[in-house]
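Letter by letter, the sequence shown follows residues -23 to -1, 1 to 332 in mature numbering (1 follows the signal peptide of the UniProt record, and there is no 0).
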Amino acid sequence: MMIDRSSIALFLVLSFLVGVLDASAGDSDPRYRTCVAQCEKTGCVGERCFPHCKFPSDGVASDGPWYMQEPLYLKWKQWDCESDCRYNCMIDREKEREALGDGPVKYHGKWPFKRVFGIQEPASVAFSAFNLAMHFHGWLSFFILLYYNLPLKQDKKAYYEFASLWHIYGLLAMNSWFWSAVFHSRFRVSQLVMCQTCDVDLTEKLDYSSAVALLGYSLLLTILRSFNVRDEAARVMVAAPLLAFTTTHILFLNFYSLDYGWNMKVCVVMGVAQLLIWAIWAGRTHHPSRWKLWVVVFGGGLAMLLEIYDFPPYQGFFDAHALWHATTIPLTCIWWSFIRDDAKLRTSVLLKKAK
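Put into structure tokens, the structure is as follows:
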């Protein structure tokens, strides 16, 4: 269907208006904006001054001697003068709002978090690290079970037909949680919210891309295991469209537009599809560990509500996203326990057939 130029122009105007309407209340606050502008001129917020915000008489930023520069752990996290000004003005403004009995508001698209050792979202970082550790432990125990505790074929390969697929899943899961921890430790926001041409931090793209890759592959693995697809040709036919869509979506996010709303829809659809397929399979199968699937399905569904429902961080640390990260930690343990049980069951079945 052809779209004329006037329709395209109207769409662009509406998109711009939506971006303006979606601007955060915090960064549009005149007191906050005045504080940031003053800080960028003087390098100070109240009595707090930042060495890397010092300006000589010609108005050009000066790095100064090494002992006047910011600590290495802050420089590694790329906190600059603008970021420090925004953060400290945000903290002061939130204290003023709290004294007046007003609730917290978002600044540049994010809730006001309190730094811990230069980490902007410490709770999300900690829970992401725990998830990474749980996936590593689960994958390692799965590897040891397959190649040291269960019988192997004559070519030293595992009997379990889905072993290689679960290995890839483990690596993708660990990669995803690693970049989640890195990303939440330093969230760089654009100066204009919803701006399609603004620069976005590389760690943000890596976090979103890794999460999409994990979700897309998990959906593929869910279909292959629940339908017991073992033929290589059939696996390729199922994998081709799913991998093509996942790859296209990742390329769209990285090289065209990091559309948060569209990405959320895609991730929710893939996540819900997996939960539904596993739930139906758990209801139809006589797998001895199907109760673990039910726990993961219902727990994952409830955890997804936390990801969709947004609320301010408690005490500046625990928001809905951080709690979602926390709920996935025990679910990860149960999930890998089911995978190990499935490997044991399938290996025993195949050994009986071999005899």
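For glycine and all other residues, C-beta sits at the position ideal for the given N, C-alpha and C.
Enclosing alpha helix (DSSP H) for Ser60 [first to last residue]: The residue you call residue 60 lines up with position 83 of the sequence shown. Note, Ser60: alpha helix (DSSP H), 58 to 76.
Contact between the segment 75 to 94 and the segment 111 to 130 (3+ Cβ pairs under 8 angstroms): No: the two stretches stay apart, fewer than three of their Cβ pairs being nearer than 8 angstroms.
In chain order, each alpha helix (DSSP H) run of at least 4 residues that lies wholly inside the segment 103 to 164: Taking only runs of at least 4 residues, the alpha helix (DSSP H) segments lying wholly in the segment 103 to 164 are 140 to 162.
For Tyr185, three-class secondary structure by DSSP: Counting from 1 along the sequence shown, the entry for residue 185 is found at position 208. In the structure shown, the three-state DSSP call for Tyr185 is helix.
Which of helix, strand or coil DSSP assigns to Tyr291: Along the sequence shown, one-based indexing puts residue 291 at 314. In the three-state reduction of the DSSP assignment, Tyr291 falls in the strand class.
From Cys58, Tyr146, Ala158, Arg8, residue whose alpha carbon lies closest to that of Ala303: Mapped onto the sequence shown, residue 303 falls at position 326. For the set Cys58, Tyr146, Ala158, Arg8, the Cα lying nearest the Cα of Ala303 is the one of Ala158.
Candidates His161, Ala14, Val245, Met281, of which the one nearest Glu98 by Cα: Against the sequence shown, residue 98 aligns to sequence position 121. The candidate whose alpha carbon is nearest that of Glu98 is His161.
Whole-angstrom C-beta distance between Asp6 and Arg70, which should lie under 8 angstroms: Counting from one through the sequence shown, the residue named residue 70 turns up at place 93. Counting from one through the sequence shown, the residue named residue 6 turns up at place 29. With a Cβ gap of about 7 angstroms, Arg70 and Asp6 count as contacting.
Cβ-based neighbour list, Trp156, same chain, cut-off 6 angstroms, excluding 5 preceding and 5 following: Reading the sequence shown from its first residue, position 179 is the one you call residue 156. So the list reads Leu183, Asp184, Ser187, once near-sequence residues are dropped.
Span separating the alpha-carbon of Val22 from that of Arg8: The residue given as residue 22 occupies position 45 in the sequence shown. The residue given as residue 8 occupies position 31 in the sequence shown. Distance between the alpha carbons of Val22 and Arg8: 12 angstroms.
Neighbourhood of Val274 by C-beta, 6 angstroms cutoff - its chain only, sequence neighbours within 5 removed: The sequence position of residue 274 within the sequence shown is 297, counting from 1. By the criterion of a C-beta distance shorter than 6 angstroms, Val274 is surrounded in its chain by Leu252, Trp255, Ala256, once the five residues flanking it on both sides are discounted.
Cβ-heavy atom distance, Ile96 to the ligand MN, below 8 angstroms: As far as ligands go, the structure on display features none, and thus does not contain the ligand MN.
Which of helix, strand or coil DSSP assigns to Lys242: On the sequence shown, residue 242 is found 265 positions in, with the first residue counted as 1. Lys242 falls in the helix class under three-state DSSP.
Local conformation of Ser39 per DSSP, three classes: Translated into positions along the sequence shown, residue 39 becomes position 62. Only weak support exists for where Ser39 lies, its pLDDT of 46 falling under 50; the coordinates are left without a value.
Cys310 to Gln15 span [Cα, whole Å]: To locate residue 310, count along the sequence shown from 1; it is residue 333. To locate residue 15, count along the sequence shown from 1; it is residue 38. Cys310 and Gln15 have their alpha carbons spaced roughly 50 angstroms apart.
Coarse secondary structure for Arg25, derived from DSSP in three states: What you label residue 25 is simply residue 48 of the sequence shown in a count that begins at 1. When DSSP states are grouped into helix, strand and coil, Arg25 belongs to the strand group.
According to DSSP, residues forming a beta bridge with Tyr84: In the sequence shown, residue 84 corresponds to position 107, counting from 1. DSSP output for Tyr84 lists Lys87 as bridge partner(s).
For Ile254, the residue or residues it bridges with in DSSP: In the sequence shown, counting from the first residue as 1, residue 254 sits at position 277. Paired residues: none, contrary to the question.
Own chain, CB closer than 7 angstroms to Pro289, minus 5 neighbours either side, in chain order: Here residue 289 is taken as the residue at index 312 of the sequence shown, counted from 1. Here Pro289 has Gly80, Pro81, Trp88, Asp296 as same chain residues with Cβ atoms under 7 angstroms from its own Cβ, once five neighbours each way along the sequence are excluded.
Expected contact under 8 angstroms - CB spacing of Tyr64 and Arg92 to nearest Å: The sequence position of residue 64 within the sequence shown is 87, counting from 1. The sequence position of residue 92 within the sequence shown is 115, counting from 1. Contact flag correct, Cβ pair sits at about 7 angstroms.
Leu328 in three-state terms, based on DSSP: Position 351 of the sequence shown, counted from the first residue, corresponds to residue 328. Note: Leu328 maps to helix in three-state DSSP.
Residues sharing a beta bridge with Ile96, DSSP: Stepping through the sequence shown from its first residue, residue 96 is reached at position 119. Bridge partners of Ile96: Val93.
Three-state secondary structure assigned by DSSP to Val206: Numbered from 1 along the sequence shown, position 229 holds the residue referred to as residue 206. Reduced to three states, the DSSP call for Val206 is coil.
Other residues of its chain near Phe204: CB distance less than 7 angstroms, five sequence neighbours each side excluded: Numbered from 1 along the sequence shown, position 227 holds the residue referred to as residue 204. Taken in chain order, the list of residues that qualify is empty.
Segment contact, 8 angstroms Cβ cut-off, at least three pairs: the segment 119 to 126 with the segment 136 to 149: The segment 136 to 149 and the segment 119 to 126 touch, with three or more beta-carbon pairs separated by less than 8 angstroms.
Residues near Ala250 by beta carbon distance below 7 angstroms, same chain, minus five either side: What you label residue 250 is simply residue 273 of the sequence shown in a count that begins at 1. Leu196.
Best match in Met111, Val272, Gly260 for proximity to Leu148 [C-alpha to C-alpha]: For the purposes of this step, residue 148 is identified with residue 171 of the sequence shown, where counting begins at 1. Per the Cα distances, Met111.
Pro307 (DSSP reduced to helix, strand or coil): The sequence position of residue 307 within the sequence shown is 330, counting from 1. Helix, per DSSP.
Nearest candidate by alpha-carbon position, reference Tyr194, set Glu181, Leu179, His226, Asp208: What you label residue 194 is simply residue 217 of the sequence shown in a count that begins at 1. Taking only the C-alpha atoms, the option nearest Tyr194 is His226.
Of the residues Leu201, Tyr291, Glu17, Ala106, the one placed nearest Met151, counting alpha carbons only: Numbered from its first residue, the sequence shown carries residue 151 at position 174. In terms of CA proximity to Met151, Ala106 leads the group Leu201, Tyr291, Glu17, Ala106.
Exposed unless 16 or more other CB atoms sit within 10 angstroms - verdict on Gly20: As a working mapping, residue 20 is identified with position 43 in the sequence shown. Result: buried.
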